[in-house]
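Undergrad: First to last, the protein sequences are chains A and L.
Residue numbering for the first sequence follows our numbering, starting at 1 and increasing by one per position.
Residue numbering for the second sequence follows our numbering, starting at 1001 and increasing by one per position.
Questions regarding the structure given below will be posed in turn.
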Amino acid sequence: MRPRPKALRQKRRYLLVRVLPPWQEIEQKALYLAVSGAVTSLFGDAHAAEIQPAVVFSDRGCAILRCRRGLEGDLSVACATVTAAGDLRVALRTVAVSGTIAALKGRMDGWIHALPPQEALYGEKEVRSFRYGRHKVDVLQEGIKKQSIVFLTDCEREEI
Amino acid sequence: MAYADACVHPYPAGDTSLPRMALEARELGFATIVSTGGAGEFFGVRAVQGVVIGARTFKDVVKAVRRAPEAALVAVCAGDESFTRSAVSLGGVHVLKGVHQGPKNAFDHVAARTAGERGVAVEIDLAPIVALRGRDRQRVLACYADILFLHRRYDFPLCIASNARSVLDQRSVREAIGLCSLFGMDGDEAGAALSSVEGLLNRPETVRVVE
């Protein structure tokens, strides 16, 4: 199919969002379904069709979303209501809005992503933990039925 | 303008420690958080002790308010019409909480006028807007729109709280303003609501009976 001439194309805006926790692997489709569901639930089908949300890129800890120009504020509010993607608890934080994907990818270059998990000693237990940012430590706790995450800082090692 | 998150619930009520919540709050644009699990200063963010009173009878509320620490921000959960009216007229109460969870007329025009006269803030809880879906969320948004209508009429303070139990529940200043725009609150009103905690803590108190 021949692409439309530039003058006839709809103008788009791209949102750079941080996906928390950044070490969790989330499929792009699961993220799209979460965002699309949040937009539809908040604004209804008619406005969701106007916004046209889409996920164009997703990597560890960040994603680029697309919407129609002028409706990026609505998409940003809808992103704030996302609480899960698939079975995983996540939060989406809008960082920047731009007219091109390249500008947002350039902005992502300086980001510090989560390091691979480390074995750490908290109290007497040896647990898996993820360090990122300057002081953030996410500790995985193995329960009887399921795994839970405890969010700490690096100065609280002894207290847990 | 120093923005404040009017209520967070750190570990052990939630899964995030207080220093981590403070660190996250700093990144999200807040200078102060009101915490139900301790106080202090972490990573340049002031954590103020918050006391949430969810008593059933007014007598229990009076007892709990007397027991509250001096520098704490005291919040009382709304109940039925008469309970809420009594709660906002009680000295030592800073915030009326959970209006959306109460009965339909939990916060009426009489309570609104009293809150305006006494400087008691009404909390806008962002957690149900984020977490609920469908009819439940519509009901909460309608309730907040009604509170906003009364706020514009009687000029009582508002405060905005994430009521986060995890870093994943905390929202940035911009997101909070965006979420508040869903029920008709404009940017200036949201800014004033986000910075009202300092004013509540420094409110001139009425005479307090200790014994």
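Every residue, glycine too, gets a C-beta built ideally from N, C-alpha and C.
List, in chain order, every chain A residue whose beta-carbon is nearer than 7 Å to that of THR1016 of chain L.
TA: Residues of chain A passing the Cβ test: PHE151.
Undergrad: Considering just the uninterrupted stretch of the alpha helix (DSSP H) at GLN28 of chain A, what are its terminal residues?
TA: 28-51 is the span of the alpha helix (DSSP H), which, as asked, contains GLN28 of chain A.
Undergrad: Checking 8 Å against the spacing of the C-beta atoms, do THR1032 of chain L and VAL1008 of chain L come in under that value?
TA: Cβ atoms of THR1032 of chain L and VAL1008 of chain L: not closer than 8 Å.
Undergrad: Quick one: what does DSSP say GLY1040 of chain L is sitting in, helix, strand or coil?
TA: Three-state result, GLY1040 of chain L: strand.
Undergrad: Let me check understanding here. Comparing Cα to Cα, which of L:PHE1107, L:ARG1139, L:GLY1134, L:ILE1129 lies closest to ILE1147 of chain L?
TA: Per the Cα distances, L:PHE1107.
Undergrad: Hey, is PRO1012 of chain L's beta-carbon within less than 8 Å of any beta-carbon in chain A?
TA: Output row for PRO1012 of chain L: interface = no.
Undergrad: Please report the straight-line C-alpha distance between LEU65 of chain A and VAL55 of chain A, rounded to a whole angstrom.
TA: If I take the Cα positions, the gap works out to 4 Å.
Undergrad: Please tell me whether VAL1197 of chain L and ALA1006 of chain L are closer than 8 Å, where the distance is taken between their beta carbons.
TA: Cβ atoms of VAL1197 of chain L and ALA1006 of chain L: closer than 8 Å.
Undergrad: I want to know whether the region 67-74 of chain A touches the region 10-17 of chain A - three or more CB-CB distances under 8 Å.
TA: At 8 Å Cβ cutoff, the stretches touch.
Undergrad: Taking a cut of 7 Å between CB atoms, which residues from the region 1153-1177 of chain L lie near chain A?
TA: Within the region 1153-1177 of chain L, the qualifying residues are SER1166, VAL1167, LEU1168, ARG1171, SER1172, GLU1175.
Undergrad: Mind checking who SER1162 of chain L pairs with in its DSSP beta bridge?
TA: SER1162 of chain L pairs with nothing; no bridge assigned.
Undergrad: Taking Cβ-Cβ distances shorter than 7 Å, what residues in chain A pair up with PRO1019 of chain L?
TA: What PRO1019 of chain L touches in chain A: THR153, CYS155, GLU156.
Undergrad: Please confirm whether VAL90 of chain A has its beta-carbon closer than 8 Å to some beta-carbon of chain L.
TA: At least one chain L Cβ lies under 8 Å of VAL90 of chain A.
Undergrad: How far does the beta strand (DSSP E) with GLN1049 of chain L in it extend, from its first residue to its last?
TA: Per DSSP, GLN1049 of chain L belongs to the beta strand (DSSP E) from 1045-1053.
Undergrad: Reducing DSSP to helix, strand and coil, say where ARG1153 of chain L ends up.
TA: ARG1153 of chain L: helix per DSSP, three-state reduction.
Undergrad: Does the region 141-158 of chain A come close enough to the region 92-103 of chain A that 3 or more CB-CB pairs lie under 8 Å?
TA: No, the region 92-103 of chain A is not in contact with the region 141-158 of chain A.
Undergrad: Measuring alpha carbon to alpha carbon, tell me which residue in L:ARG1046, L:ALA1064, L:VAL1120 is nearest GLY1054 of chain L.
TA: GLY1054 of chain L has its Cα closest to that of L:ALA1064, out of L:ARG1046, L:ALA1064, L:VAL1120.
Undergrad: Over the uninterrupted beta strand (DSSP E) stretch that includes PHE57 of chain A, give me the two end residues.
TA: Counting along the chain, the beta strand (DSSP E) containing PHE57 of chain A begins and ends at 54-59.
Undergrad: Within 10 angstroms of the Cβ of MET1001 of chain L, are there 16 or more other Cβ atoms? Answer buried if so, exposed if not.
TA: Flag for MET1001 of chain L reads exposed.
Undergrad: Do we get a CB-CB distance below 8 Å when we pair VAL1051 of chain L with the residues of chain A?
TA: Not an interface residue.
Undergrad: Compare the beta carbon distance of LEU88 of chain A and VAL17 of chain A with 8 Å and say whether it is the shorter of the two.
TA: Cβ atoms of LEU88 of chain A and VAL17 of chain A: not closer than 8 Å.
Undergrad: Quick check: the region 1101-1120 of chain L against the region 1068-1075 of chain L, are at least 3 beta-carbon pairs closer than 8 Å?
TA: These segments do not touch.
Undergrad: How big is the Cα-Cα spacing for PRO1103 of chain L and PHE57 of chain A?
TA: Straight-line Cα distance between these residues: approximately 45 Å.
Undergrad: So is ALA1145 of chain L in contact with chain A if we call contact Cβ pairs under 8 Å?
TA: Taking Cβ atoms only, chain A never reaches closer than 8 Å to ALA1145 of chain L, which makes this a no.
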